[in-house]
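Below you'll find the structure, written out as structure tokens, and then a few comments.
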Amino acid sequence: MPDTNLPSRMTGHGEVIDTQAPIGDEVKTTTCYMCACRCGIKVHLKDGRVRYIEGNPDHPVNRGVLCGKGSAGIMTQYAPARLRAPLKRVGPRGSGEFAEISWAEAMEIATGWLGHVRRTDPKRLAFFTGRDQSQSLTGFWAAQFGTPNFAAHGGFCSVNMAAGGLYTIGGSFWEFGEPDWELAKYFVMFGVAEDHDSNPIKIGLGKLKARGAKFVSVNPVRTGYSAIADEWVGIRPGTDGLFIMAIMHELLRTDRVDLDFLVRYTNAAWLVVRNPGGADDGLFARDADGKPLAWDRIAGAPVDAATAEMQPAIVGDYTLPDGRKAVPVFQLMAERYLGAEYAPEAVAERCGIDAARIRRLANEIADIAFKETITLDVPWTDALGRRHETMVGRPIAFHAMRGISAHSNGFHTCRALHLLQMLLGAVDTPGSWRYKSPFPRPIPPGPGPAGKTTAPNTPIAGNLLAFPHGPDDLLVDDNGTPLRIDHAFSWEAPLGLHGMMHTVIGNAGAEDPYSIDTLFMFMANMAWNSAMNPLEIIRILTEQKADGEYRIPHVIYADAYFSETVPYADLILPDTTYLERWDAISLLDRPIGNAHGPGDSIRQPVIKPDRDVRPFQDVLIELGARLGLPAFTKEDGTPRFKDYPDYIVNHQRMPGIGPLAGWRGEDGSKKGVGEPNKDQLQRYIENGCFWKHHLTPEQSYFKQANRAYLDEAKAMGLMGAANQIVMQIWSEPLQKFRLAAQGHGAKQPPAHLRKRVETYCDPLPIWYAPLEQAGHDTTPYPLSAVTQRPMAMYHSWGSMNAWLRQIHGANRLYMARSTATAQGIAQDDWVWVESRNGRVKGQVTLMEGVNPDTVWTWNAIGKRSGAWQLSEDSPESAKGFLLNHVISEWLPAQEGFRGANADPVTGQAAWYDLRVSVTRCAPEEIAETAPHPSTLKSPPNMPAVPLIIREPGK
Amino acid sequence: MTEIPPSSGKKLGLVIDLDTCVGCQACATNCKQWNAGGHLAPLPDMKPYSAGAEGVWFNRVHSYEAGEGAEGRTVHFPRSCLHCETPACVTVCPTGASYKRAEDGIVLVNTDTCIGCGLCAWACPYGARELDEDEGVMKKCTLCVDRIYNETIPEAQRKPACVITCPVGARHFGDLGDPGSDVSQLVAARGGFDLMPEMGYAPTNKYLPPRRPMAPNPNPPAEAEPTPLDLKNPLLRWLDRALSR
Chain A
1 MPDTNLPSRM TGHGEVIDTQ APIGDEVKTT TCYMCACRCG IKVHLKDGRV RYIEGNPDHP
61 VNRGVLCGKG SAGIMTQYAP ARLRAPLKRV GPRGSGEFAE ISWAEAMEIA TGWLGHVRRT
121 DPKRLAFFTG RDQSQSLTGF WAAQFGTPNF AAHGGFCSVN MAAGGLYTIG GSFWEFGEPD
181 WELAKYFVMF GVAEDHDSNP IKIGLGKLKA RGAKFVSVNP VRTGYSAIAD EWVGIRPGTD
241 GLFIMAIMHE LLRTDRVDLD FLVRYTNAAW LVVRNPGGAD DGLFARDADG KPLAWDRIAG
301 APVDAATAEM QPAIVGDYTL PDGRKAVPVF QLMAERYLGA EYAPEAVAER CGIDAARIRR
361 LANEIADIAF KETITLDVPW TDALGRRHET MVGRPIAFHA MRGISAHSNG FHTCRALHLL
421 QMLLGAVDTP GSWRYKSPFP RPIPPGPGPA GKTTAPNTPI AGNLLAFPHG PDDLLVDDNG
481 TPLRIDHAFS WEAPLGLHGM MHTVIGNAGA EDPYSIDTLF MFMANMAWNS AMNPLEIIRI
541 LTEQKADGEY RIPHVIYADA YFSETVPYAD LILPDTTYLE RWDAISLLDR PIGNAHGPGD
601 SIRQPVIKPD RDVRPFQDVL IELGARLGLP AFTKEDGTPR FKDYPDYIVN HQRMPGIGPL
661 AGWRGEDGSK KGVGEPNKDQ LQRYIENGCF WKHHLTPEQS YFKQANRAYL DEAKAMGLMG
721 AANQIVMQIW SEPLQKFRLA AQGHGAKQPP AHLRKRVETY CDPLPIWYAP LEQAGHDTTP
781 YPLSAVTQRP MAMYHSWGSM NAWLRQIHGA NRLYMARSTA TAQGIAQDDW VWVESRNGRV
841 KGQVTLMEGV NPDTVWTWNA IGKRSGAWQL SEDSPESAKG FLLNHVISEW LPAQEGFRGA
901 NADPVTGQAA WYDLRVSVTR CAPEEIAETA PHPSTLKSPP NMPAVPLIIR EPGK
Chain B
1 MTEIPPSSGK KLGLVIDLDT CVGCQACATN CKQWNAGGHL APLPDMKPYS AGAEGVWFNR
61 VHSYEAGEGA EGRTVHFPRS CLHCETPACV TVCPTGASYK RAEDGIVLVN TDTCIGCGLC
121 AWACPYGARE LDEDEGVMKK CTLCVDRIYN ETIPEAQRKP ACVITCPVGA RHFGDLGDPG
181 SDVSQLVAAR GGFDLMPEMG YAPTNKYLPP RRPMAPNPNP PAEAEPTPLD LKNPLLRWLD
241 RALSR
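Here the protein sequences come in this chain order: A and B.
Numbered continuously in the UniProt record's numbering, the first sequence closes out at residue 954.
Numbered continuously in the UniProt record's numbering, the second sequence closes out at residue 245.
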């Protein structure tokens, strides 16, 4: 209380402040969706409206904190851009002429189109979901429908990272692993996507900094996390692989590698057959049971590589009992990376990093790994049954994300980074990078992809997005032609694990390999920022054949907001916001586990929609029943599931395994595996909408070979067998593809792809110049151009947020001051950014903290005029620009083959391979961006935008 | 003009760590949503979906670069009221609406008596005052006075919204008048400093400077000395290595 003895003017005239007002009248927990991070939130409600969203202190992902996006969720909830009702197109595609229709009519239309496709040729449905967090449902639905043409957005996001990791260490970064934030003494982060993952990295960096650990950021741009790095390495885009291999070169050259770790946990000692030209060249030498062999120096003979008591050889030429020659994997690796082309001097200029600096960093890293070893007094038992009294750790941790994966050499770069971790013995040890349970998983994690055959009214058995082990698992016909519309799992992208959403519309337009009837999309802004070269995508979506029919006859789109893609669909199924629906963040999909144990979570509706909208997952389940998909229909033909929550609780993928792992069994006492529990969702809600299983200390490290961990993981259904997971330096699946390209086996690539497959399916990581750059004369385009995601904006989902758009309203082109000055470009100048694909206009901001040969901008801030229910004069569309306009979806022409601008192994969209020139605009060209396509017309009955917001949601 | 009351000795404020702030804007938007329904609500947003969108924010994060080229540094700088000990924004107030609380040092505005003249905004060198053009009154950071004493909130959460939400833990709250408090100790240990001390307003909030980075190992190991690349066969050194699984 104010001191009443003070003069009135000293106390704000005795102002009385209510310090005891409750935040709201109700609080509910759920899971954030303002980006991909999936933090736990508490939503305070007042008078039926959202009053305040805060981080849930008990939640394992964010522990009470909440980022700039999550804290602004209230304005996304109340954005005027929310779609209001189902829409049917009534004018030409792209005109924005829509009529509101009832859900009954919308479902009838969708069922009619989809039913026809399913009865005739189900693969003519292309079902692609963008930033979908229900892929275990959507993928299952697609397989039930009978089309192989399903994927989410991973192909244009970070499949290189996922594939590189899953085929090498059985885990990866982000959802698959994390640094040991508590114990790491040195942390190296390569180009990062801020939302992968947002708050755990921020929390972790805070811990590292507080402990005085060294943080090195390898990134062409010094913003965000890089700004607080103790050392910034401003590398040239696309050269990270060379930099990593140069560090490996130094470690091998100075013999500072963890050989004990390599022979215990990797395939370093496995024998590789050397038989140049033969069908077995480069495959592992195996015994009669198929077990890989290693050379035992004591026995002087090859033995099962999993034998405990042996002295494995890591170099040398050996003769197998059948007379074949073989060498250990380690030797092949050492020979390659000791090569002069990987010496620091050889890579320095290309990477833009001094050789002496590379050498110093290699020494620092080795010092930490081998001189600052951490020993925990935690006894544990390894997979071979041997007890160890301590856990010995290498406190050097790495993290990487899109900065290295969004290049056409990204798969190999990701693998190289994992090799570096293995050389240091820094995988799942105290202080190093650690697996997030349910990882590690077997390498590769499961069988190959389903979808080799399709037939009318017939589901496809198996997972559409799975893991090829070799050529036999590819989805190609006898001529090597892709079976999927996106060409994933073909010779063009043999490890296209996440599909290739970025090629779907282009291929559908070219009817390559066939035409499609219905394009069904969810949350994917393919007519704008999710596409390379979006104006071409728009051209295809609006293209009519001679008979007047659209090239893609039907387009169905589900989204919660009026995005740039809405006008290009024929039928709009309006979704709810993240605060209005159920969701399952499932172990079957992309779980929220961490190094301390597996976990999953749900969303529950915290407010009721005030519009005629439905959760997309409910709609999909109803469509499944209407179409008669077996898993969504009872024997009597009635719907099997009432809605999505019913599915979450009662669907079983395998006996006892469903979308959620917590509180299974009739009484809720089982973890991972157990009968459905009708009270399961209630138990989640009571626990803050998440489930977390805590590993014991003895299970916490060396999970790939930890008996206690592996046994429990198997018991909980996290893996099929409790065998040690041996990390793969030499990748045999890649060698199998290469052998096929060399003319071996029944399935071989078509002639025009042989050289490509042979080159890029190298069983050891290689570096090559990005394909886009190697494929054309880059002399006129001297600069690399990349994008970053701002911490306060998630892709396109932010500009309709009245608060976030005040922080990022129009993106600039950021350019090194020295580079700009040399070209006579000044701060605020308007410039053309030109590539081989065209040009885009924007305004320049000069900076110091950027690689001088690189320009960059914020991703997806530029908007199309009219979209997102923003006024035409909004800076997002008037001045903001989309770099996508100058990124080609295809590589420069190569002998008639139209290859995607993508990684040749995984199909990952190579967004960051772009090369551009930057030139000043003529004076008459300034003040507005270009291209500047026409203003989009709002759907019917969208609210007029207010001139002022006084109270959110009112 | 308004007078500053004698201090009780309690000086509530923030300590902001520039070594760890990554510029994520969490403190800005969380502050905005808390206060949009808090003591000084509303925090209006003008032209929210058009050109010229501009709202009232009690906390803003700016990014700067210092130094040139690779030797420079990017600094994320969160800016809000510093709750100065001798704030000119209070002393210039012609109505007594702008005031400093004796009991905890928080600087507040009584919007009932504020006439929106803007003198306080002119007087504040930190740009911490925010004019609500809709109501015609001045507003500013309240240090979440409606949170920090609020017994309807769990005790551990009774801190300003910007502190609770900060993902990197760069924001700390406490009594800077108590030399034994965690925040005072932190300021002492890390060399916390006043923003523009030469202005003489004695800000309560402190900023922590970037830490000195770890120096490279001055004595690199002998085996790290360059080995000739033409060493005949470097693989030989591993040939007789006795390794156990």
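C-beta atoms are modelled at their ideal positions from N, C-alpha and C, and glycine is treated no differently.
- Message: Against chain A, does B/H62 count as a neighbour if the rule is that its beta carbon must be under 8 Å from one of theirs?
- Response: Against the second sequence, residue 62 of chain B aligns to sequence position 62. No - not a single Cβ of chain A is within 8 Å of the one on B/H62.
- Item | Sequence-distant residues of its chain with Cβ nearer than 6 Å to A/S226 (five each side left out) | Taking the first sequence and counting its residues from 1, the one referred to as residue 226 of chain A is at position 226. Cβ within range, chain order: S217, N219, W232.
- Would you check if the distance between the CB atom of A/R253 and the CB atom of A/L338 is smaller than 8 Å? What you label residue 253 of chain A is simply residue 253 of the first sequence in a count that begins at 1. What you label residue 338 of chain A is simply residue 338 of the first sequence in a count that begins at 1. Against a cut-off of 8 Å, the Cβ pair of A/L338 and A/R253 comes out as a contact.
- Item | Contacts of B/P203 in chain A (Cβ-Cβ under 9 Å) | Taking the second sequence and counting its residues from 1, one reaches residue 203 of chain B at position 203. Here the premise fails: no neighbours, minimum Cβ distance about 20 Å.
- Query: Taking C-beta to C-beta, are B/G96 and A/G842 nearer than 8 Å?
  - Reply: Looking up residue 96 of chain B in the second sequence gives position 96. Looking up residue 842 of chain A in the first sequence gives position 842. Contact: no.
- Message: Give me the chain B residues within the contact set of A/P875, using Cβ-Cβ distance strictly less than 9 Å, ordered along the chain.
- Response: Working through the first sequence from its first residue, we reach residue 875 of chain A at position 875. The contacting residues are A51, G52, A53.
- Message: For B/V22, would you say it is in contact with chain A, using Cβ-to-Cβ distances shorter than 8 Å as the test?
- Response: Walking along the second sequence from the start, residue 22 of chain B turns up at place 22. Yes, contact with chain A.
- Of the residues B/R79, B/A161, B/L43, B/H83, which one's Cα is nearest the Cα of B/C31? Position 31 of the second sequence, counting from 1, holds the residue named residue 31 of chain B. Checking every option, the nearest Cα to that of B/C31 belongs to B/A161.
- Item | Complete alpha helix (DSSP H) runs within the region 126 to 181 of chain A (minimum length 4 residues, chain order) | 135 to 145, 159 to 166
- Pair every Cβ in the region 550 to 560 of chain A with every Cβ in the region 916 to 932 of chain A, then say whether three or more of these pairs are closer than 8 Å. Contact fails: fewer than three Cβ-Cβ distances are below 8 Å.
- Output the distance between the C-alpha atoms of A/L500 and A/A151, rounded to the nearest integer angstrom. Reading the first sequence from its first residue, position 500 is the one you call residue 500 of chain A. Reading the first sequence from its first residue, position 151 is the one you call residue 151 of chain A. Per the sequence shown, the amino acid found at residue 500 of chain A is Met instead of Leu. Rounded to whole angstroms, A/M500 to A/A151 spans 7 Å at the Cα level.
- Task: Compute the beta-carbon to beta-carbon distance between A/H412 and A/I766, rounded to the nearest angstrom, for a pair I have assumed lies under 8 Å.
- Result: Within the first sequence, the letter at position 412 stands for residue 412 of chain A. Within the first sequence, the letter at position 766 stands for residue 766 of chain A. About 5 Å; that satisfies the 8 Å criterion.
- Query: Straight-line CA distance for B/A123 to A/A193?
  - Reply: Looking up residue 123 of chain B in the second sequence gives position 123. Looking up residue 193 of chain A in the first sequence gives position 193. In a straight line, the C-alpha of B/A123 is about 41 Å away from that of A/A193.
- Interface residues of chain B facing A/R202 [CB-CB closer than 7 Å]: Stepping through the first sequence from its first residue, residue 202 of chain A is reached at position 202. Going by the sequence as given, residue 202 of chain A is Lys instead of Arg. Within chain B, the residues near A/K202 are V22, C24, P167, V168.
- Message: Below 9 Å on C-beta distance, what does B/L14 contact in chain A?
- Response: If you number the second sequence from 1, residue 14 of chain B lands on position 14. The premise fails here: B/L14 is roughly 16 Å from chain A at the closest Cβ pair, so nothing lies under 9 Å.
- Query: Rounded to a whole number of angstroms, what is the C-alpha to C-alpha distance between residue 955 of chain A and B/G191?
  - Reply: In the structure as shown, chain A starts at 1 and stops at 954, and residue 955 of chain A therefore has no counterpart that could be examined.
- Around the C-beta of A/Q652, are 16 or more other C-beta atoms found within 10 angstroms, so that it is buried, or is it exposed? For the purposes of this step, residue 652 of chain A is taken as residue 652 along the first sequence, with counting starting at 1. Counting C-beta atoms within 10 angstroms of its own C-beta, A/Q652 has fewer than 16 neighbours from the protein chains shown and is therefore classed as exposed.
- In its own chain, which residues sit with a C-beta less than 8 Å from the C-beta of A/L627, not counting the 5 before and 5 after it? As a working note, residue 627 of chain A is residue 627 in the first sequence. Cβ within range, chain order: T111, L114, G115, R118, F145.
- Item | For A/P763, the nearest candidate out of A/S95, A/G64, A/T168 (CA to CA) | Taking the first sequence and counting its residues from 1, the one referred to as residue 763 of chain A is at position 763. The option with the nearest alpha carbon to A/P763 is A/T168.
- Task: Could you tell me the distance, in whole angstroms, from the CA atom of B/A224 to the CA atom of A/D287?
- Result: Start at 1 with the first residue of the second sequence, and residue 224 of chain B comes out as number 224. Start at 1 with the first residue of the first sequence, and residue 287 of chain A comes out as number 287. Annotation note: pLDDT 44 at B/A224 (below 50); position unreliable, no value reported.
- Enumerate, from N- to C-terminal direction, the unbroken alpha helix (DSSP H) stretches of 4 or more residues contained entirely within the region 510 to 552 of chain A. 534 to 541
- Going along chain B in order, which residues have a C-beta closer than 9 Å to the C-beta of A/N723? Within the first sequence, the letter at position 723 stands for residue 723 of chain A. Ordered by position in chain B, no residue passes the 9 Å Cβ test against A/N723, which lies about 15 Å from the chain.
- Cβ-based contacts, 8 Å cut-off: residues of the region 38 to 70 of chain A near chain B: K46, R51, Y52, I53, E54, G55, P57, N62, G64, V65, L66, C67, G68, K69, G70
- Query: Cα separation between A/Y701 and A/G385?
  - Reply: The residue labelled residue 701 of chain A in the question sits at position 701 within the first sequence. The residue labelled residue 385 of chain A in the question sits at position 385 within the first sequence. Distance between the alpha carbons of A/Y701 and A/G385: 16 Å.
- Task: Could you tell me whether the region 850 to 862 of chain A touches the region 810 to 817 of chain A, using the rule of 3 or more Cβ pairs below 8 Å?
- Result: Put simply, the region 850 to 862 of chain A touches the region 810 to 817 of chain A. At least three CB pairs are less than 8 Å apart.
- Task: Return the bridge partner residues of A/T381 from the DSSP annotation.
- Result: Taking the first sequence and counting its residues from 1, one reaches residue 381 of chain A at position 381. DSSP output for A/T381 lists A/R387 as bridge partner(s).
- Message: For A/N409 and B/C84, I'd like the C-alpha separation in whole angstroms.
- Response: Mapped onto the first sequence, residue 409 of chain A falls at position 409. Mapped onto the second sequence, residue 84 of chain B falls at position 84. Roughly 54 Å between the two C-alpha positions.
- Task: For the region 292 to 361 of chain A, list the beta strand (DSSP E) runs that are entirely contained and at least 3 residues long, ordered along the chain.
- Result: 293 to 296, 301 to 304, 325 to 328
- Task: Give a yes or no on whether the C-beta atoms belonging to A/A816 and A/V850 are separated by under 8 Å.
- Result: As a working note, residue 816 of chain A is residue 816 in the first sequence. As a working note, residue 850 of chain A is residue 850 in the first sequence. With contacts defined by Cβ atoms closer than 8 Å, A/A816 and A/V850 form a contacting pair.
- Give the interface partners of B/M46 over in chain A, defined as CB-CB distance under 8 Å, in chain order. As a position in the second sequence, residue 46 of chain B is number 46, starting the count at 1. Within chain A, the residues near B/M46 are L947, I948.
- Task: Given a cut-off of 8 Å, decide if A/A397 and A/P179 are closer than it, judged by their beta-carbon atoms.
- Result: For this step, residue 179 of chain A is matched to residue 179 along the first sequence. For this step, residue 397 of chain A is matched to residue 397 along the first sequence. Yes, the pair counts as a contact, with Cβ atoms nearer than the cut-off.
- Item | Neighbourhood of A/F489 by C-beta distance below 7 Å, restricted to the same chain and skipping five residues each side | Counting from one through the first sequence, the residue named residue 489 of chain A turns up at place 489. Excluding sequence neighbours, A/F489 sits near P449, P468, L474, L475, G496.
- If you drop the 5 nearest sequence neighbours on each side, which residues of the same chain put their C-beta closer than 8 Å to that of A/P946? Within the first sequence, the letter at position 946 stands for residue 946 of chain A. For A/P946, where only same-chain residues beyond five positions count, the Cβ hits under 8 Å are P80.
- Query: So, is A/V329 buried or exposed, given that buried needs 16 or more other C-beta atoms within 10 angstroms?
  - Reply: What you label residue 329 of chain A is simply residue 329 of the first sequence in a count that begins at 1. Burial call: buried.
- Message: Let me check understanding here. Comparing Cα to Cα, which of A/K42, A/P639, A/R805, A/P456 lies closest to A/A792?
- Response: As a position in the first sequence, residue 792 of chain A is number 792, starting the count at 1. Comparing Cα-Cα distances from A/A792 to each of A/K42, A/P639, A/R805, A/P456, the minimum goes to A/R805.
- When DSSP labels each residue in this structure, what does A/E675 get in the three-state scheme? Residue mapping note: residue 675 of chain A aligns to position 675 of the first sequence, counting from 1. In the three-state reduction of the DSSP assignment, A/E675 falls in the coil class.
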